[in-house]
Structure formats: C-alpha cells, structure tokens
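Report on one structure; see the data block that follows.
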Amino acid sequence: MTTDLTEKPAESTTVGNYFVSNYPPFSFWEQSRVPEISSALNRAPRPGTDLGVYLHIPFCRKRCHFCYFRVYTDKKNDEIQAYLDAALLELSLYAKQPAIAGRKTKFVYFGGGTPSFLSSEQLIALTDGMKYAVPWDGVEEVTFECEPGTLTDRKIDTIKQIGVTRLSLGVENFDDHVLTSNGRAHESKQVYRAYERARNAGYHNINIDLIAGMMNETEDNWKSCVAKTIELAPDSVTIYQMEVPYNTTIYKEMKAEGKVTAPVADWDTKRRWVSYAFDELVKNGYTVKSAYTATKNSSKVSFVYRDKLWAGADLLGLGVSSFGHINGTHYQNEHDFAPYLARLQSGELPLHRAYTPDNDERLIREFILQLKLGRVDTSYFANKFGVDPRERFKAQLETLVKQGHFAINGTIITLTRDALLQVDRLLHGFFLTKHANARYA
Ligand code: SF4
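Quick note on the numbering used here: the sequence shown kicks off at 288 and runs consecutively.
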C-alpha cells in the first residue's frame, strides 16, 4: 500500500489518466505473456462464466481534442471494408477455440471510435457475419455507441433491425461553441434530431453521455446542459469528468506551450458539477446507479455489459487495440491498423500483450470495479474468492470510514456521494504496492 488515502485531491487538472477501467494497470501487461492467452483459449471455459463480445469500430468523422482512443479519421472505404472483414475473421477464429466454441454470447458492445460511422450496408453485413460466427440467441443486450451527426433515419432503422437494444448517444454538451472548441463533429441541433429519431424507432434504453468540464465549459452552461438532458428524458445519463491523458491533442498543445495545467475546470469543480447533475436527475425521477450513471425506471433499465464485466465475465475484445479477458487471462490486441490487419490476413489472432492475474489480483479487480457502483456486498467476494474484503482491505477501509467516505454495515459497504464522485482516485488505494502510481496506458 503506497497510495495515501488522506492526500488532498489535486486542484487543477494535469495530464494523466484518471479513470480506472481494469486491473492490474495495462502497463503491466506484456508481449512476452501472450502464450498465456493462447493457452487460456485452449482450455475449456470456467463453468458459469458469462461471455460477451466487444467490437471496436475505430473510425470517426473528426478527432476530438480530448480523445485518447485508437481512432482514424482518414480511412477510405476499401480500408474500412478490410477492417470489417478482419474483425469477422477474428471472431470466427475465436469461435473455434475450446474456451469459446459453442458458448452463447450474453451481451454485445459496439464501441469506438464511432460505430454509427458505418453505413447501413456495412452494419448489416457485419452483424450478419457475427451472428453466423457465434450463437446469438442468448444475447440479452446489444449496446451501440452513436455520434449524433451520423444518425440518419435509415441508419436508425438499420441499427434497430440488426438487434441493438441499448443506444448510447455521445452528446457530451449542448452548446455549439463548447462542442466546436473541443473538436466534436456534431452540433446541438443534430442531438435533437437523433434523439427524436431514436425515440420514434421505439428504443426503450437510450443513454446520453455528457462530459463535465470540457474546455470553455461554464457554470451556467453546465446547468443548462443538465436541464436540456432532463427535458429529453433519456433512460439513462452517463457523466464523465474530463481528463487529459498523454495522447490527446489538448496535452500536445499544453506540452508545446510548456503548460502543466490543462485548460479545463479543476477537479473540485468537475465533481461539484456532476453532483449538481445527479441532484437534478434524482429530483426528476432518476436513481444514481454508479459513479457515472443515473437511470430512470431503474428496475427496467439495465446495463448488462457493465454489470457482467465488473463481475468477471469473459469478454472477446475484437478490433484494433481492443481489450479482452478469457478464462482468467487479460489481453490486448495489436494497437495499430496495419499489424492488426496483417496478422489476421495471415490467419493469426492479433494478440499483442497479456497478463494473468492471480487470485488476489482478480479479487482486487472485481472489488474496485464494483465499488464504482457505490455499494458492494462483501459476501459476494467471500463466496467467490474465499476472502472477506473487510479483512483483506482492513487498513484501507478503516481510513476511508474514518474520513467519512465509506460506511460498513454488516456485509454491506456503501460510499457517500462525495466518495463516489472521486472514486477513481480512491481506488488506487486498493492497488498492490507494485501497481501503485502506474500509468494507465
Ligand atoms: S467521437 Fe469519441 S472516439 Fe471519436 S474522436 Fe471523439 S472522443 Fe474519440
């Protein structure tokens, strides 16, 4: 334990990743450990483990200034087609592996990049091919990320037709000046059109993504974004706090100008803005379900992908730079377009690096991810890992309880709103010493 849980959060936003999406940190995954994922694929699946598929569509109309994902804005149609063919080949190679063969897929996630960048024809061919490669009849949820400016009537119909059940709209902000100055491709009027089309198409699980603290965001504008979101009444609202990782345009400009502080709101302000949004959403019938998400009709609006992944499901991560987890081993694909395509074209899986967490690391992973829900039941971990988190993390939990961030009642650990808003910072306190202060890249 080296992370100081008493340390005051840094005021200004400096460069680096804030969001914890996995454990151990990616920088510990190694190319020399790829044989571990090959052998995990060669074993029978762990009984009772759900399986999901994630496909990364790495194409966007423009690159946002805060974007740190693997995306391309210059690919021609034949390159996009080659990519989609490669992704289908990748899925069919997985479908033959002992760890995957014959298993039903429970959830599917099309992320990016911009999945809605693809044409209707490409989407139909792609999903037909996926359904041919792996059993699709047990799929409970198909999530599809959309950039509002790409959603024509026809595209919305196609997305419905291919079986998408959860539509996620990357709105981020409703102000055209904020959108443009952060490099977003869409304008606010396209948000309204896209939302109306999606509702008319009969979607009952529409998520709106917002970002608190984009460049040029103001107090009044944030309040107006929250009000406009509530007016649209999406089924769920996801709010991220703006971070500035190393490979963003914003950081490159900071570096060129010799600046340390990013030109975005400080962390206290971003947390206050998310808290304001949660308060307004709750007043309007929403329930806060995690550090980032509030849902309306929370008994009906689910997010299978998140819940399964945070409970240790297997995930086939397809596409360039995608992350996956099979039979106890983490892996990441080749992170450049050409090697990703080349390896598949020669009939090989495009595996780039891997890591097999031990039992303690798997416990830490699930525990910290589930803390993001604001409530965990320690008996789940005792049953699954044979370890009681109240004992395993005694020191950290005592500190957090003393600070008023956590409360423990019997087997239930709950986080206060204040703790939830800075949960990614607090999670580092549960990392093993060797993983503390690792770069999340
Ligand atoms: S739309 Fe998303 S993936 Fe594409 S450039 Fe913007 S932030 Fe990155």
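Even glycine gets a Cβ: it sits at the ideal position worked out from N, Cα and C.
Please name the residue in 471, 429, 465, 390 whose C-alpha comes closest to that of residue 437. 471
Using the three-state DSSP reduction, which class does residue 524 fall into: helix, strand or coil? strand
Nearest-angstrom Cα distance between residue 529 and residue 671? 35 Å
For ligand 1, which residues have a Cβ under 6 Å from at least one heavy atom, in chain order? 347, 350, 351, 354, 356, 358, 399, 400, 401, 434, 457
What runs of the alpha helix (DSSP H), each 4 residues or longer, lie entirely inside the region 380 to 450? 407 to 420, 440 to 448
What do you reckon, are the CB atoms on residue 420 and residue 374 nearer than 8 Å? no
Quick one: give me the first and last residue of the alpha helix (DSSP H) that residue 654 is part of. 646 to 658
Using the Cα positions of residue 483 and residue 666, report the straight-line distance between them to the nearest angstrom. 44 Å
Quick check on this structure: which residue in 379, 396, 394, 459 has the alpha carbon closest to the alpha carbon of residue 388? 379
Among 668, 694, 673, 650, whose alpha-carbon lies nearest the alpha-carbon of residue 719? 650
Given this structure, state the Cα-to-Cα distance separating residue 293 from residue 686, to the nearest angstrom. Here residue 293 scores only 49 on pLDDT, less than 50, and its place in the model is too uncertain to base an answer on.
So, do the region 424 to 444 and the region 453 to 469 have three or more beta carbon pairs nearer to each other than 8 Å? yes
Does the region 585 to 605 come within contact of the region 538 to 547, defined as at least 3 CB pairs closer than 8 Å? no
Where residue 308 and residue 602 are concerned, what is the direct C-alpha to C-alpha distance, given to the nearest angstrom? 14 Å
Counting only the same chain and skipping the five closest in sequence on each side, list residues whose C-beta sits under 7 Å from that of residue 488. 443, 444, 447
Given that a residue counts as buried once 16 or more other Cβ atoms are within 10 Å of its Cβ, and exposed if not, what is residue 505? exposed
With a cut-off of 8 Å, do at least 3 Cβ pairs link the region 311 to 322 to the region 640 to 657? yes
Tell me whether the beta-carbon of residue 347 lies closer than 8 Å to the beta-carbon of residue 398. no
Per DSSP, which residues does residue 583 bridge with? Please list them. 573
Nearest-angstrom Cα separation, counted from residue 439 out to residue 479: 12 Å
Work out the CA separation of residue 315 and residue 591 for me, nearest whole Å. 28 Å
Can you find a heavy atom of ligand 2 that lies under 7 Å from the Cβ of residue 379? For ligand 2, the structure offers nothing, since it holds only ligand 1.
For residue 715, count neighbouring C-beta atoms within 10 Å of its own C-beta (all shown protein chains included) and say buried if the count is 16 or more, exposed if not. buried
Under 8 Å between C-beta atoms of residue 577 and residue 661: yes
By a C-beta neighbour count over all protein chains shown, 10 Å radius and 16 as the cutoff for buried, is residue 289 buried or exposed? Below a pLDDT of 50, predicted positions are generally treated as unreliable, and residue 289, at 41, falls in that range; no measurement from the model is reported.
Of the residues 564, 501, 630, which one's Cα is nearest the Cα of residue 467? 501
Give the secondary structure of residue 640 by DSSP, where H, G and I count as helix, E and B as strand, and everything else as coil. strand
Can you say whether residue 296 is buried or exposed, counting buried as having 16 or more other CB atoms within 10 angstroms of its CB? Only weak support exists for where residue 296 lies, its pLDDT of 49 falling under 50; the value from the coordinates is given anyway. So residue 296 counts as exposed.
In the structure shown, what three-state DSSP assignment does residue 710 receive? helix
Roughly how many angstroms separate the alpha carbons of residue 326 and residue 511, rounded to a whole number? 52 Å
Taking the CB atoms as reference points, tell me whether residue 513 and residue 581 lie closer together than 8 Å. no
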